[in-house]
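Only one structure is covered here, and it is reproduced in the block below.
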Amino acid sequence: MPAHLSTAASDGVIVVVTLQVAASLLSHCPLAAMSFLLMSTAASLGVVRYAQNHPSKTLVGYHQYLSWLVGVVSTNTLAAAFYRQEGVAWAGNLHLLCGLFLPLIDTRLTESMKDILTTIASSLPIVSILFLCVWEFNPYGIIGAVLYACSSWIYLDKSKPYIWKMKRVDMFHYGVVLGNVAFMKGLSKTEMPIYYKRN
1 MPAHLSTAAS DGVIVVVTLQ VAASLLSHCP LAAMSFLLMS TAASLGVVRY
51 AQNHPSKTLV GYHQYLSWLV GVVSTNTLAA AFYRQEGVAW AGNLHLLCGL
101 FLPLIDTRLT ESMKDILTTI ASSLPIVSIL FLCVWEFNPY GIIGAVLYAC
151 SSWIYLDKSK PYIWKMKRVD MFHYGVVLGN VAFMKGLSKT EMPIYYKRN
């Protein structure tokens with residue numbers, strides 16, 4: 001049995017759910033749909049990689065690069081979608097530029113500088129989404145941002161390989177899946193819960 005079968009399975013869940021999320025958003029929110037399509041592509045390579053005992057270096061390299069792109073590009077594209085939904089196009093465009101900037105210059109950066117900029121470029125859009133959704137009272141967006149933040153924290157905490165008998169990376173994947181569903185609802189204004197009536 002492959003050593004990372006559970007991770008292949010959790011990546012598979014990302015693929016299935018995220019493709020459905022992308023399909024549901026494609027007509028009214030193509031930016032977010034593109035973000036989720038990139039994520040599902042990276043996760044697809046993850047399924048193939050972790051289902052093998054000895055994946056090729058080429059496969060591992062492609063998976064690592066696409067996963068990096070998801071962290072840098074997809075998160076900023078997602079933030080852009082939220083800002084455009086709220087009519088703040090300039091902030092959305094700024095996130096798009098931030099998402100494209102790092103991939104264009106990454107070959108010129110040292111590893112330490114790339115790590116620092118990657119952390120900033122992947123964290124800032126999630127924090128930005130959280131603040132926007134708190135300001136505009138978009139509860140699904142808040143939930144999605146919190147799930148992303150918590151999942152990332154779990155993944156980056158190298159001190160514990162397992163949490164509740166589950167691999168850190170698998171818990172990260174499932175947290176991202178739940179976050180994606182929340183973001184989908186947060187980007188669908190017609191599905192927002194109503195807690196009060198306006199007179």
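1 is the number of the first residue of the sequence shown in full-length UniProt numbering; add one for each residue after it. Ideal Cβ positions, reconstructed from N, Cα and C, are used throughout, including at glycine.
- Within the same chain, I126 come within 7 Å of A149 by CB-CB distance, once the 5 residues on both sides are set aside.
- Residue pairing of Y162 in beta bridges, as defined by DSSP: K167.
- If only uninterrupted beta strand (DSSP E) runs of at least 3 residues are considered, none is enclosed by the region 4-87.
- Cβ-Cβ distances below 7 Å link L147 to G175, L178, G179 and A182 in the same chain, with the five nearest sequence neighbours on each side left out; the list follows chain order.
- Within the same chain, and ignoring the five residues on either side of F172 in sequence, the residues whose Cβ sits closer than 6 Å to its Cβ are S151, I154 and Y155.
- Ranked by how close their Cα comes to the Cα of Y65, the residues A79, F82 and G46 have G46 in first place.
- Secondary structure of L94 (DSSP, three-state): helix.
- Secondary structure note for T107: it is in no alpha helix (DSSP H), with a DSSP letter that is neither H nor E.
- Under the criterion of beta carbons closer than 8 Å, V72 and S122 qualify as touching, at roughly 6 Å.
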